[in-house]
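In terms of the working numbering, the sequence shown opens at residue 55 and continues consecutively.
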Amino acid sequence: MDPKTGNSWKGLVSELERFHLIATELKVSGRFLLRPLDAALQMLTNLLARILGSNLVRRHFHLVLSGLVLFGPLLSFWVSKHNIFANSNHFLYRKFLRSTWGWTCILTGSFVLLLSFSACRSVPLSLRHFSRIGLAGLLWWGTRRLLTLLEDAAGSCYEPMPPAQDVQSPAAAAQPPLLLHEDQTKASCLRANLLWRGYEVSQEVLILCLCCLLLLEEISVFGRHLSHEKRQQRSPGAPIRILFLLCVVLLIMWMFLLLCLLANFPNWPSQQLGGALGYLGWRGLYQGWYRLNPRWCCPGLPGEEIFITSGSVKEPKRL
């Protein structure tokens, strides 16, 4: 063998051994660093699952949300009009409020799919539970279309006319007459920078209330999932815990944005009507339809038929 070739092979082997040693040390160091983070994640998610899954929170959360919608506009008397959330072009409004359902659907749907499949290992059952998110999205789409039609039918589009030159009254100068534009929808009227007047329902408050109630319903079963995995002598992985934590953060964010809207942009009774419709939508789905016997047209309640013990005995339904 050529001595140069042998030396080159020895050098390559020594470099590979050195890289392998470095990789082993990094792996050990990574495990040492990730261990406290994993312990903190488990402790935090266990605590949040215990709180959100308690009967006190599940049975009275809608009352807290209703009180927030009813009395939140009163905060406008104490909130400064120059705070950063009084600007409708704020980052949170532009990036999250206008895509509320998208964020809720992605995170909640991923959590429902991962939780149901890890608990029962059944694709059809997991898809059936995931259909709750699709039905809620269908309800939101239909409600938004209906509200848009009602607003177009009940409102009118106006164009402010310039005040006359010989008008000396300050009140007349401040409120010039309006010229009516027929056959205009609300969207086309606002796009033309005209003035729309009519009855409306706050769709932002509606979808925020619906998403808050939906999120709590779906993530409140995580405590039952932890108990089920403990009986099976398993431990939920980090991905489902991280998804659960993200859903909790999203719930807090939606409630914060709802409070900001009510305090900085009060609009009575449009916002209260939106909150009432969001509550009725949740009531009709989770307190009505989903409580029927699970079949092809009813996905059932969250956690139903997926937490089964080794003896194939179903857990009792929640109240």
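We treat Cβ as the ideally placed atom computed from N, Cα and C, and that holds for glycine.
Check, Outcome
"For L305 and L264, believed in contact at Cβ under 8 Å, the rounded distance", "Between L305 and L264 the Cβ distance is about 12 Å, and since that is not below 8 Å, they are no contact."
"Assigned secondary structure, E213 (DSSP; H/G/I helix, E/B strand, else coil)", "strand"
"Three CB pairs or more closer than 8 Å across the stretch 134–141 and the stretch 337–353", "no"
"Check whether R104 and S274 have beta carbons under 7 Å apart", "no"
"Alpha carbon of G329 to alpha carbon of F150, nearest angstrom", "18 Å"
"Under 7 Å between C-beta atoms of G107 and G354", "no"
"Residue burial classification, A317 (beta-carbon count within 10 angstroms, cutoff 16)", "buried"
"W195 burial status per 10 Å Cβ neighbour count (16 or more: buried)", "exposed"
"Neighbourhood of R198 by C-beta, 7 Å cutoff - its chain only, sequence neighbours within 5 removed", "Q257"
"N- and C-terminal bounds of the beta strand (DSSP E) containing R251", "L249 to R251"
"Start and end residues, beta strand (DSSP E) containing H235", "L232 to H235"
"C-beta contact flag for L244 and E213 at 7 Å", "no"
"CA-to-CA distance, S130 to V118, given in whole angstroms", "19 Å"
"Member of L297, L313 and F361 whose CA lies at the smallest distance from the CA of Q96", "L297"
"CB of T154 within 7 Å of CB of I187, strictly", "no"
"Contact set for S210: own chain, Cβ-Cβ below 7 Å, skip 5 residues either direction", "L234, R251 and G252"
"Same chain, Cβ closer than 6 Å to T239, five either side skipped, listed in chain order", "D206"
"Cβ-based neighbour list, L312, same chain, cut-off 6 Å, excluding 5 preceding and 5 following", "L262"
"Option in L315, L146, R295 and C314 with minimal Cα separation from A93", "R295"
"C352 (DSSP reduced to helix, strand or coil)", "strand"
"L244 CB to nearest heavy atom of the ligand MG below 6 Å", "Annotation note on the ligand MG: not contained in the displayed structure, which lists no ligands."
"Residue closest to I138, alpha-carbon to alpha-carbon, out of L168, L331, L327 and C314", "C314"
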